[in-house]
Amino acid sequence: MKRIAVLSSGGDSPGMNAAIRAVARTCLFNDKECVGVMRGYEGLIDGDYIPLNRAAVGGILHRGGTILKTARSERFKTEEGRKAALSKMRDAGLEGLVVIGGDGSFRGAKLLHDMGMPTIGVPGTIDNDVAGTDETIGFDTAVNTALEAVMRLRDTASSHDRLFIVEVMGRNAGFLALEVAVATGAEYVVVPELPLSIGNLCQKLRVSHENKKSHTLIILAEGVMTANEMKDKLQDTGGYDARVTVLGYIQRGGSPTSFDAILASRMGAYAAESLFIGKSGVMVGNVNHRMVLSELERSWTEQKYLSPEMLGLVEKLN
Ligand code: F6P
Numbered sequence: 195m196k197r198i199a200v201l202s203s204g205g206d207s208p209g210m211n212a213a214i215r216a217v218a219r220t221c222l223f224n225d226k227e228c229v230g231v232m233r234g235y236e237g238l239i240d241g242d243y244i245p246l247n248r249a250a251v252g253g254i255l256h257r258g259g260t261i262l263k264t265a266r267s268e269r270f271k272t273e274e275g276r277k278a279a280l281s282k283m284r285d286a287g288l289e290g291l292v293v294i295g296g297d298g299s300f301r302g303a304k305l306l307h308d309m310g311m312p313t314i315g316v317p318g319t320i321d322n323d324v325a326g327t328d329e330t331i332g333f334d335t336a337v338n339t340a341l342e343a344v345m346r347l348r349d350t351a352s353s354h355d356r357l358f359i360v361e362v363m364g365r366n367a368g369f370l371a372l373e374v375a376v377a378t379g380a381e382y383v384v385v386p387e388l389p390l391s392i393g394n395l396c397q398k399l400r401v402s403h404e405n406k407k408s409h410t411l412i413i414l415a416e417g418v419m420t421a422n423e424m425k426d427k428l429q430d431t432g433g434y435d436a437r438v439t440v441l442g443y444i445q446r447g448g449s450p451t452s453f454d455a456i457l458a459s460r461m462g463a464y465a466a467e468s469l470f471i472g473k474s475g476v477m478v479g480n481v482n483h484r485m486v487l488s489e490l491e492r493s494w495t496e497q498k499y500l501s502p503e504m505l506g507l508v509e510k511l512n
């Protein structure tokens with residue numbers, strides 16, 4: 195293998211650039227060439243490549259977003275689109291591909307692997323909803339970004355004795371919400387993985403009010419409902435007047451934390467080296483602090499569970 199490509203796909207996440215840099219520099223270290231594919235699978239279909247030499251990936255380790263840009267491609271879901279992508283890759287002498295993204299991106303990676311193109315996934319998403327790895331690239335940064343924002347809200351909640359609902363991202367998973375809740379000392383966390391009874395929540399709010407708890411913070415995962423919907427429900431069921439904050443895309447931007455910069459560097463290097471020794475159809479994971487490979491399918495067939503210990507902490511420590 196002499197020449198490989200790397201792309202980022204799906205939602206951007208802090209640390210994707212560090213992973214791109216690691217793939218490119220690992221290629222250089224091993225006397226191989228690396229190209230970057232622009233706009234994810236869209237660029238793969240169009241043959242939109244840029245050379246990733248030493249200078250091209252200089253100064254990007256701590257930059258948020260992705261220099262290769264990213265997209266969610268409808269064309270790649272068609273056989274015609276995939277065939278076009280493969281033929282463009284072959285014409286360009288590309289012999290392998292590293293895909294940085296979440297489970298949706300890994301479905302595309304698996305299809306390319308099945309068509310005979312050696313492909314390896316690197317999990318990059320703020321949602322941390324990918325089985326086969328303890329953490330995904332960008333998750334830690336998103337937790338820290340949300341932590342900073344929520345601690346500011348706490349000041350206001352406490353000064354005015356208010357009830358705040360903070361909606362965080364995470365798609366259909368509650369990993370982000372749970373870590374933010376524990377890190378901020380929130381009173382409640384509402385996640386898609388657990389059933390929600392507004393009646394019970396109102397009852398708990400009543401008890402904590404009777405216990406002279408003056409302000410309350412609820413961290414809500416976007417996969418359950420919107421914060422405004424929850425506000426209306428709390429008003430209708432318990433007469434509560436909650437204030438609402440939706441953190442939104444703020445959680446996706448910014449420089450990676452040291453944890454994410456290191457995780458991305460390790461994963462990018464491991465992915466490239468795994469391709470060189472003939473691995474394909476697998477994704478890189480960080481399991482118990484070690485780099486491992488597992489089948490790409492795991493990312494969409496296997497459910498990753500929230501830690502019961504962490505869930506218990508929110509209840510115990512509030
Ligand atoms: O997967 C990352 C994520 O930020 C989710 O948390 C969120 O639901 C989704 O992407 C938003 O997607 P888009 O960028 O397409 O609006």
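Going by the numbering used here, the first residue of the sequence shown is number 195, and it counts up by one from there. C-beta: ideal position from N, C-alpha, C; glycine also. Because the structure is a prediction, the values reported are computed rather than measured.
Do you know whose CA, among the options, lies nearest residue i's CA?
i    : options                : result
G298 : K407, P317, M311       : P317
V481 : R460, W494, E467, S474 : R460
P450 : I392, V337, E289       : V337
Q445 : A340, T272, D328, G252 : A340
E416 : L441, D426, H403       : L441
V360 : I412, V251, P389       : I412
H354 : K498, T410, A463, V385 : T410
E268 : E509, H256, T327, G204 : G204
L507 : P389, T378, T420, K406 : T378
Q429 : G448, K407, L399       : L399
S488 : T495, E496, M477, W494 : M477
N366 : A375, V376, H403, L414 : L414
K407 : G447, S391, S352, D435 : S352
K226 : I244, E467, F300, A458 : E467
R484 : D206, A212, L457       : L457
A421 : F358, D454, F453, E404 : F358
Does the Cβ-Cβ distance between residue i and residue j come in under 8 Å?
i    : j    : result
K282 : G241 : yes
R197 : L222 : no
V251 : A465 : no
T313 : N322 : no
T319 : G296 : yes
A265 : R219 : no
K498 : A325 : yes
A199 : L288 : yes
L490 : G315 : yes
M309 : R276 : yes
So residue i and residue j are supposed to be a Cβ contact under 8 Å. How far apart are they, rounded?
i    : j    : result
A431 : C396 : Per the sequence shown, residue 431 should be read as Thr rather than Ala. Right, the Cβ-Cβ distance comes to about 5 Å (below 8 Å), so this counts as a contact.
L372 : L505 : 7 Å
V362 : L500 : Rounded, the Cβ-Cβ distance is 14 Å, inconsistent with contact.
L347 : T439 : 6 Å
Below 6 Å CB to CB, which residues in the same chain sit around residue i once its five sequence neighbours on both sides are set aside?
i    : result
E381 : T410, L411, N512
R356 : H409, R437
G290 : M195, I198, P312, L469
E236 : A265, S267
Quick one: what's got a C-beta closer than 7 Å to residue i's C-beta in the same chain, skipping five residues either side?
i    : result
A343 : L441, I444
F393 : It is Gly, not Phe, that sits at residue 393 in the sequence shown. So the list reads T431, once near-sequence residues are dropped.
Does residue i come within less than 8 Å of chain D when only Cβ atoms are used?
i    : result
R301 : As a matter of chain content, chain D is missing from the structure shown, which is built from one protein chain.
Please go through the same chain and pick out, in chain order, the residues whose beta-carbon is closer than 8 Å to the beta-carbon of residue i, but skip the five residues on each side of it.
i    : result
I214 : V200, S202, G230, L246, V251, I254, T260, I261, L262, I294, G462
G448 : P208, G258, T335, T339
R492 : A325, G326, M477
Segments assigned beta strand (DSSP E), at least 3 residues, entirely inside the stretch 424–472: 436–440
Inside the stretch 338–400 only - beta strand (DSSP E) runs reaching at least 3 residues: 357–362, 382–384
Entirely enclosed alpha helix (DSSP H) segments - the stretch 469–499, minimum 4 residues: 492–495
In chain order, each alpha helix (DSSP H) run of at least 4 residues that lies wholly inside the stretch 201–285: 210–223, 234–240, 273–285
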